[in-house]
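In the numbering used here, the protein residues as written are 90 to 392. Even for Gly, the Cβ is constructed at its ideal location relative to N, Cα and C. Below is one structure, written out as structure tokens; the observations come after it.
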Amino acid sequence: MFLERFIQYIKFEKRYSPHTVSAYESDLDQFMLFLNNPDKAGVAPGQVIIHPNQISYHDIRDWMVELMGQKLTARSVNRKMATLRKYFKFLLQEGLITENPSSKIRSQKIPKTLPVVVEDARLTQMLDDNKIFADDFTGQRDKLIIEMLFGTGIRLAELLGIKDQDINDYEGTLKVLGKRNKERIIPINTELRILLGKYLELKKNQNFHNNSATLIVTSKGADAYPKLIYLIVQKYLSNISTQNKRSPHVLRHTFATSLLNSGADLNSIKELLGHANLSATQIYTHNSVERLKSIYKQAHPKA
90 MFLERFIQYI
100 KFEKRYSPHT
110 VSAYESDLDQ
120 FMLFLNNPDK
130 AGVAPGQVII
140 HPNQISYHDI
150 RDWMVELMGQ
160 KLTARSVNRK
170 MATLRKYFKF
180 LLQEGLITEN
190 PSSKIRSQKI
200 PKTLPVVVED
210 ARLTQMLDDN
220 KIFADDFTGQ
230 RDKLIIEMLF
240 GTGIRLAELL
250 GIKDQDINDY
260 EGTLKVLGKR
270 NKERIIPINT
280 ELRILLGKYL
290 ELKKNQNFHN
300 NSATLIVTSK
310 GADAYPKLIY
320 LIVQKYLSNI
330 STQNKRSPHV
340 LRHTFATSLL
350 NSGADLNSIK
360 ELLGHANLSA
370 TQIYTHNSVE
380 RLKSIYKQAH
390 PKA
């Protein structure tokens with residue numbers, strides 16, 4: 090009952106993306122399974138925690154300890170804790186609980202890491218190679234996915250939410266609905282416009298039964314889903330990269346880093362990425378500094 094009310098709230102009132110709603114739901118399901126685990130200390134056989142008022146700060150802290158014991162990253166643990174904070178804050182606002190058990194929970198310290206990128210020259214070379222992508226619908230769809238992620242820097246959830254009508258071929262722009270339902274307009278390059286036109290024509294000629302208005306669809310015409318995009322990106326990035334991380338977000342990082350290395354100002358990159366504040370964008374400056382250090386070491390006689 091309580092979980093359902095919360096999910097309805099973030100889905101319809103807050104209008105979170107389906108991907109975000111699914112993540113919240115998964116986190117809360119995991120937490121409830123942990124609470125009702127008979128092996129957990131303090132849980133009597135047959136006891137079932139139903140009302141959120143039964144949940145204490147110690148329960149949440151114990152779950153955090155277990156997650157850390159499972160070798161989850163600090164970032165993953167913090168995300169799950171953020172879900173609980175959101176959930177209990179909602180219950181408190183609705184008068185469904187009298188005390189917020191998550192209020193004392195502190196986030197784990199996240200070690201600073203540089204964004205993982207792929208070499209943009211090799212990525213461009215792959216996209217320009219006509220032998221890599223088949224000329225049929227599936228091949229051109231896969232190419233479009235890579236081109237859009239690298240050419241616009243959009244997030245996975247944003248890509249999945251794009252409709253055919255969000256493409257303005259005359260203006261050369263793309264309308265995207267980002268986090269917190271913030272809409273932004275992103276320019277698209279000429280090659281991407283041509284590819285979009287070709288893909289839309291191929292999509293139309295497939296005569297799919299459901300005729301989805303969503304831009305990216307499966308080979309059967311259904312709306313694309315996150316796992317499909319991950320598999321496609323991993324498949325093609327494996328041609329040019331041996332690094333373990335080959336996700337859609339790597340292409341977003343590569344987009345931002347390429348712009349910065351080419352002289353784009355940080356505020357413009359912030360707007361293109363849809364960041365709420367500049368601090369989130371500044372992480373890419375570290376990649377540029379590392380690149381300058383590498384160039385210096387290779388080129389300077391005193392390096």
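Legend entry - Cβ-based neighbour list, L117, same chain, cut-off 7 angstroms, excluding 5 preceding and 5 following: Annotation for L117: L92, T172, Y176 place their beta carbon closer than 7 angstroms to its own, counting only its chain and skipping 5 residues before and after.
Inset, instruction - Would you kindly work out how many angstroms separate the C-alpha atoms of V166 and Q119, rounded to a whole number? - result: Distance between the alpha carbons of V166 and Q119: 12 angstroms.
Inset, instruction - Would you decide whether A246 is buried or exposed? Buried here means 16 or more other CB atoms lie within 10 Å of its CB. - result: Classified as buried, A246 has 16 or more neighbouring CB atoms from the shown chains inside 10 Å of its CB.
Legend entry - Residue range of the beta strand (DSSP E) that includes R94: Per DSSP, R94 belongs to no beta strand (DSSP E); it is in the alpha helix (DSSP H), 91 to 97.
Legend entry - Contact check, L398 vs I256, beta carbons under 9 angstroms: Lying before the first or after the last residue shown, residue 398 is absent from the chain, which here runs from 90 to 392.
Inset, instruction - My understanding is that L216 touches I235, with C-beta atoms under 8 angstroms, so please give their C-beta distance in whole angstroms. - result: 6 angstroms
Legend entry - Paired residues, beta bridge with I274 - DSSP: Answer is K264, bridged to I274.
Inset, instruction - Determine the direct distance from the alpha carbon of N125 to that of S347, and round the result to whole angstroms. - result: 48 angstroms
Legend entry - Neighbourhood of D209 by C-beta, 7 angstroms cutoff - its chain only, sequence neighbours within 5 removed: T343, S347
Legend entry - Cβ separation of V206 and N376, assumed to be a contact under 8 angstroms, to the nearest whole Å: About 7 angstroms separates the CB atoms of V206 and N376; that is less than 8 angstroms, so the two are in contact.
Inset, instruction - Quick one: grab the DSSP three-state call for Q387. - result: helix
Inset, instruction - Express the C-alpha separation of F123 and D354 in angstroms, rounding to a whole number. - result: 47 angstroms
Legend entry - Expected contact under 8 angstroms - CB spacing of S191 and I149 to nearest Å: 6 angstroms
Inset, instruction - Mind the definition here: the region 305 to 312 touches the region 282 to 297 only if three or more C-beta pairs lie below 8 angstroms; say whether that holds. - result: Contact holds: three or more Cβ-Cβ distances are below 8 angstroms.
Inset, instruction - Look at the alpha carbon of T187 and the alpha carbon of N142, and state the distance between them as a whole number of angstroms. - result: The alpha-carbon atoms of T187 and N142 are separated by roughly 7 angstroms.
Legend entry - Spatial neighbours of L156 in its chain, beta-carbon cut-off 7 angstroms, leaving aside the 5 residues before and after: So the list reads V166, K169, once near-sequence residues are dropped.
Inset, instruction - Look up V306 in the DSSP assignment and say whether it is helix, strand or coil. - result: In the structure shown, V306 sits in a strand (DSSP, three-state: E or B).
Legend entry - Y314, buried or exposed, once every other Cβ within 10 Å from all chains shown has been counted against 16: Here Y314 is exposed, its C-beta having fewer than 16 other C-beta atoms within 10 Å.
Inset, instruction - Reducing DSSP to helix, strand and coil, say where D255 ends up. - result: Residue state, collapsed to three classes: helix.
Inset, instruction - Work out the CA separation of G267 and I194 for me, nearest whole Å. - result: Their Cα atoms are separated by approximately 28 angstroms.
Inset, instruction - Find out if the Cβ-Cβ distance for the pair L349, G242 is shorter than 9 angstroms. - result: no
Legend entry - P337 burial status per 10 Å Cβ neighbour count (16 or more: buried): buried
Inset, instruction - Answer yes or no: do L317 and L238 have a C-beta to C-beta separation smaller than 9 angstroms? - result: no
Legend entry - Distance between L326 and G79 (C-alpha atoms, nearest Å): Outside the displayed range of the chain (90 to 392) lies residue 79, so it cannot be described from this structure.
Legend entry - CA nearest to the CA of T374, picked from H147, E360, G352: From the listed residues H147, E360, G352, the smallest Cα separation to T374 is found for G352.
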